[in-house]
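Asker: Read top to bottom, the protein sequences are chains A and B. So the first sequence is numbered by this note's numbering: it starts at 1 and just counts up by one. So the second sequence is numbered by this note's numbering: it starts at 225 and just counts up by one. This is the structure I have questions about; it appears just below.
Protein chains: 2
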Amino acid sequence: MQRAEANISYRDYFPFWNKLTDNEKDLTERNTRILKYLKGESIHSGGHDCLGMMVVKSGSLRAYILSDEGRDITLYRLFKGDICILSASCVLKYITFDVFVDAEEDSEVILLSSSIFSQLMESNINVECFAYKQATQSFSNVMWALQQILFMSFDKRLALFLSEEIKKTGGDTVSLTHEQVARYMGSAREVVSRMLKYFVSEGIVELSRGDIKIINKKKLLELV
Amino acid sequence: MQRAEANISYRDYFPFWNKLTDNEKDLTERNTRILKYLKGESIHSGGHDCLGMMVVKSGSLRAYILSDEGRDITLYRLFKGDICILSASCVLKYITFDVFVDAEEDSEVILLSSSIFSQLMESNINVECFAYKQATQSFSNVMWALQQILFMSFDKRLALFLSEEIKKTGGDTVSLTHEQVARYMGSAREVVSRMLKYFVSEGIVELSRGDIKIINKKKLLELV
Numbered sequence: 001m002q003r004a005e006a007n008i009s010y011r012d013y014f015p016f017w018n019k020l021t022d023n024e025k026d027l028t029e030r031n032t033r034i035l036k037y038l039k040g041e042s043i044h045s046g047g048h049d050c051l052g053m054m055v056v057k058s059g060s061l062r063a064y065i066l067s068d069e070g071r072d073i074t075l076y077r078l079f080k081g082d083i084c085i086l087s088a089s090c091v092l093k094y095i096t097f098d099v100f101v102d103a104e105e106d107s108e109v110i111l112l113s114s115s116i117f118s119q120l121m122e123s124n125i126n127v128e129c130f131a132y133k134q135a136t137q138s139f140s141n142v143m144w145a146l147q148q149i150l151f152m153s154f155d156k157r158l159a160l161f162l163s164e165e166i167k168k169t170g171g172d173t174v175s176l177t178h179e180q181v182a183r184y185m186g187s188a189r190e191v192v193s194r195m196l197k198y199f200v201s202e203g204i205v206e207l208s209r210g211d212i213k214i215i216n217k218k219k220l221l222e223l224v
Numbered sequence: 225m226q227r228a229e230a231n232i233s234y235r236d237y238f239p240f241w242n243k244l245t246d247n248e249k250d251l252t253e254r255n256t257r258i259l260k261y262l263k264g265e266s267i268h269s270g271g272h273d274c275l276g277m278m279v280v281k282s283g284s285l286r287a288y289i290l291s292d293e294g295r296d297i298t299l300y301r302l303f304k305g306d307i308c309i310l311s312a313s314c315v316l317k318y319i320t321f322d323v324f325v326d327a328e329e330d331s332e333v334i335l336l337s338s339s340i341f342s343q344l345m346e347s348n349i350n351v352e353c354f355a356y357k358q359a360t361q362s363f364s365n366v367m368w369a370l371q372q373i374l375f376m377s378f379d380k381r382l383a384l385f386l387s388e389e390i391k392k393t394g395g396d397t398v399s400l401t402h403e404q405v406a407r408y409m410g411s412a413r414e415v416v417s418r419m420l421k422y423f424v425s426e427g428i429v430e431l432s433r434g435d436i437k438i439i440n441k442k443k444l445l446e447l448v
């Protein structure tokens, strides 16, 4: 993690900016900074730290939960302009669970420290309301993931995952190992490999080292 | 579902009561009623209906999600005094998923209709804030359930521990404090207490000072 100089357009990044008093705006400006993270770096680790409210400036973040045995399940991803509120969970008393957040690629985040964020929530009900609305939005994201995990058959889920990956990159190739795909999908490597082999036999994908190339997008989307 | 005559102590049931104006209090009183449900009756079915904000007056409710194939997963239960906000999800724009709510036993709920609740949220930021705090609390409940379901360890482990303890003593009571159980299991007291509370709600154990009494051994062993 590396700090970058702050050159921040607050009103673009903080939706509650116009509801702040001049004093609160000043306080916010003095306590906001930009942090840089490298791909794979941990940003937030459950109850152990509590950086504050974040906005993604560039790159992408992944929020996940972790079992005692180290199994992880992706809850949602955050991209440019998205707000990460669970990294300030220590100041949100209605949040009683732990999540983890990693940088999924080299990323910059705008951070408003948790102590100042807490102070603003205390002094300005608009900020408090904003925080819990954001948390509720995360709730909706998590419910979506939960339904994918619990209810969808695995071929559908994998097809959906691959189609969303290529939508993001605009190409036809997903550059992830089976292990990584399994981790993102909350599954096991063997399950992913087996299903990909089936997709190969169906003429949907081609596999090479570390790459999954979609060769029949139409058939892939029919599965979704 | 059957209506009962309204005789409601608003300030006890609606946490935002003291933040309402006289007009808003009047509006709330005129649009609150008590509904009675029989055990097993459906109260809320996803996006199809949207009764409003509910408070459990007696009995208990179960919130769950349902797959296309009819598989259901319990998200949480609500008991006397608990607030059900997801039954007003149509007026909470940050909630984009569907849940179902049933009466788990004969129950009475106090209902503030969704149209009036929406009107109050619009006119009074304290009510809006209250709604999203409640939604965030549901989020925490769901995350707890999710971790049980996905990582499936602690409920099994605790059930195993208790069943082995009663096997040792030959009775049906484990005379250990939650602190002691936690120590034996390499866990934390709060984790043990929370899971035991869940076991109580499932009718598996009864708790008294320093004692854990197994009241449904069959159900306990099914967990193992």
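All residues carry an ideal CB built from backbone N, CA and C; glycine is no exception.
Please compile the residues from chain A whose C-beta is within a distance smaller than 8 Å of the C-beta of residue 360 of chain B.
Answerer: 92, 94, 95, 132, 135, 136 and 139
Asker: Return the residues of the stretch 146-164 of chain A that lie within a Cβ-Cβ distance of less than 9 Å from chain B, sorted by chain order.
Answerer: 146, 147, 149, 150, 151 and 152
Asker: Provide the residue span of the alpha helix (DSSP H) that contains residue 252 of chain B, from first to last.
Answerer: Taken as a continuous stretch (DSSP letters only), the alpha helix (DSSP H) holding residue 252 of chain B covers 246-254.
Asker: On a Cα-Cα basis, can you pick out the residue from A:9, A:97 and A:21 that is closest to residue 123 of chain A?
Answerer: A:21
Asker: With DSSP run on the structure shown, which of helix, strand or coil describes residue 419 of chain B?
Answerer: helix
Asker: Drop a sphere of 10 angstroms on the beta-carbon of residue 408 of chain B, count the other beta-carbons inside from all chains shown, and report buried for 16 or more, exposed for fewer.
Answerer: Exposed, since its Cβ has fewer than 16 Cβ neighbours within 10 Å.
Asker: Pick from A:191, A:211, A:218 and A:194: whose alpha carbon is nearest that of residue 204 of chain A?
Answerer: A:218
Asker: Going along chain B, which residues have a C-beta under 8 Å from residue 17 of chain A?
Answerer: What residue 17 of chain A touches in chain B: nothing, since even the nearest Cβ is about 17 Å away.
Asker: If you scan the stretch 45-125 of chain A from start to end, which runs of the beta strand (DSSP E) of 3 or more residues do you find wholly inside it?
Answerer: Taken in chain order, the whole beta strand (DSSP E) runs of length 3 or more contained in the stretch 45-125 of chain A are 52-58, 61-66, 72-78, 100-103 and 107-113.
Asker: For the alpha helix (DSSP H) holding residue 396 of chain B, just list the boundary residues, first then last.
Answerer: Unbroken run through residue 396 of chain B: none, as it is neither H nor E.
Asker: Check whether the stretch 131-138 of chain A touches the stretch 180-194 of chain A, taking contact to mean three or more Cβ pairs, one atom from each stretch, closer than 8 Å.
Answerer: no
Asker: I'd like to know if the stretch 96-107 of chain A and the stretch 31-43 of chain A are in contact, where contact means that at least 3 CB-CB pairs between them fall below 8 Å.
Answerer: yes
Asker: Thinking residue 52 of chain A and residue 88 of chain A are a contact (beta carbons under 8 Å), I'd like their distance in whole angstroms, please.
Answerer: 5 Å
Asker: Below 8 Å between beta carbons is the criterion; list the residues of the stretch 176-210 of chain A that meet it against any residue of chain B, in chain order.
Answerer: Residues 186.
Asker: So that I know if they touch, is there some Cβ in chain B lying closer than 8 Å to that of residue 65 of chain A?
Answerer: Residue 65 of chain A counts as touching chain B.
Asker: Evaluate residue 114 of chain A with the Cβ neighbour count: other Cβ atoms within 10 Å of its Cβ, from every protein chain shown; 16 or more gives buried, anything less gives exposed.
Answerer: buried
Asker: Got a sec, what are the start and stop residues for the alpha helix (DSSP H) residue 221 of chain A sits in?
Answerer: Start and end: 217-223.
Asker: Spell out whether any CB of chain B is found under 8 Å from the CB atom of residue 34 of chain A.
Answerer: Not closer than 8 Å to any Cβ of chain B, the Cβ of residue 34 of chain A fails to qualify, so no.
Asker: Quick check: the stretch 360-369 of chain B against the stretch 384-393 of chain B, are at least 3 beta-carbon pairs closer than 8 Å?
Answerer: Because the criterion of three Cβ pairs below 8 Å is not met, the stretch 384-393 of chain B and the stretch 360-369 of chain B do not touch.
Asker: Using a Cβ-based criterion (distance less than 7 Å to any ligand heavy atom), does residue 10 of chain A qualify as near the ligand PLP?
Answerer: The model depicted lacks the ligand PLP and carries no ligand whatsoever.
Asker: For chain A, find out if any of its Cβ atoms is closer than 8 Å to the Cβ of residue 352 of chain B; answer yes or no.
Answerer: yes
Asker: Rounding to the nearest angstrom, what Cα-Cα distance links residue 96 of chain A and residue 445 of chain B in this structure?
Answerer: 29 Å
Asker: How should residue 229 of chain B be labelled, buried or exposed, when 16 other C-beta atoms within 10 angstroms of its C-beta is the threshold for buried?
Answerer: Because the pLDDT at residue 229 of chain B is just 49, under 50, the model does not fix this residue reliably, and the point stays unresolved.
Asker: Using DSSP with H/G/I as helix, E/B as strand and the rest coil, what is residue 5 of chain A?
Answerer: Residue placement at residue 5 of chain A is poorly supported in this model, since its pLDDT is 49, which falls under 50; the coordinates still yield a value, given next. Three-state DSSP puts residue 5 of chain A in coil, outside helix and strand.
Asker: Exposed or buried, what is residue 393 of chain B when buried is set at 16 or more other beta-carbons lying within 10 Å of its beta-carbon?
Answerer: exposed
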